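Peer 1:
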Amino acid sequence: EAGVAQSPRYKIIEKRQSVAFWCNPISGHATLYWYQQILGQGPKLLIQFQNNGVVDDSQLPKDRFSAERLKGVDSTLKIQPAKLEDSAVYLCASSHGLAGEWSYNEQFFGPGTRLTVL
Amino acid sequence: TQLLEQSPQFLSIQEGENLTVYCNSSSVFSSLQWYRQEPGEGPVLLVTVVTGGEVKKLKRLTFQFGDARKDSSLHITAAQPGDTGLYLCAGATSGTYKYIFGTGTRLKVLA
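Written out as structure tokens, the structure is:
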């Protein structure tokens, strides 16, 4: 089974520019997560989708970050405008998302996109 | 705010030594997971524990979930250079499947 795909793998931009990341989850996975991982820290959840609906976006800086999951499959995360402190690895993960069975809610992560804001 | 503190933050040991990594919180979690992350890759799930007091073994790795489901430990026996990586714990509360990740323990095993 193919894993979670992310692109690009690396991105370098100037502050105040815009950037977008793309994620293709594992086929059939209903739940999709975007995490931000700053160097040396654990991942921080930015947004969680169940199919094409948002379950949790409480830690998403909505003044500059936006995310969508059209048709409940692929997802994009956008930052506009970027700040220096947005430099991090952005991880996408997916899980089956079936209620009641923890084994079906194990997360599978993509390789991440490393963003550097200069 | 739920927080998961991991200790130690860094650990450098010789091949063959044993080690234990701790994951602690003041919150109760319905399940707790351990991941290993290598440079340039996403975290890879090692184990999920869901019952207080549960112990799971995965070859040389032993995972324990605290009785009160607030803490967990990962013990590695006879560490090998291939065990090198960032170890992360993540806790989820019932019904949300929202995972809170710990601060991470960076392990380096020297040959």
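Here the protein sequences come in this chain order: A and B. FYI, in the numbering used here the residues of the first sequence are 1 to 118. FYI, in the numbering used here the residues of the second sequence are 1 to 111. Just so you know, even glycine gets a beta-carbon here, dropped at the ideal spot from N, CA and C. These numbers come from a predicted model, not from an experiment.
1. Would you mind working out which of A:Pro111, A:Gly112, A:Asn105 and A:Ser94 sits nearest A:Pro25, comparing C-alpha positions?
2. Under a CB-based cut-off of 8 Å, is A:Phe21 close to chain B?
3. At a Cβ threshold of 8 Å, is B:Leu88 touching chain A?
4. Could you give the C-beta distance for A:Ser66 and A:Cys23, rounded to a whole number, given that I count them as a contact under 8 Å?
5. So B:Tyr22 and B:Gln6 are supposed to be a Cβ contact under 8 Å. How far apart are they, rounded?
6. Taking 8 Å as the CB-CB cut-off, is A:Pro25 touching chain B?
7. Please list, in chain order, all residues of the same chain as B:Phe10 whose beta carbon is under 6 Å from its beta carbon, the five residues on each side excluded.
8. Can you tell me which of the three DSSP states B:Gly53 falls into?
9. Can you give me the start and stop residues for the beta strand (DSSP E) that A:Glu14 sits inside?
10. For the stretch 25 to 55 of chain A, which residues have a beta carbon sitting closer than 9 Å to at least one beta carbon of chain B?
11. Rank A:Gln48, A:Lys71, A:Arg64 and A:Ile38 by C-alpha distance to the C-alpha of A:Lys15 and give the top, closest one.
Peer 2: For this structure:
1. A:Ser94
2. no
3. yes
4. That belief does not hold up - the Cβ atoms of A:Ser66 and A:Cys23 are roughly 14 Å apart, past 8 Å.
5. 7 Å
6. no
7. Arg106
8. coil
9. Counting along the chain, A:Glu14 falls outside any beta strand (DSSP E), and DSSP gives it neither H nor E.
10. Thr31, Tyr33, Tyr35, Gln37, Gly40, Gln41, Gly42, Pro43, Lys44, Leu45, Gln48, Gln50 and Val55
11. A:Arg64
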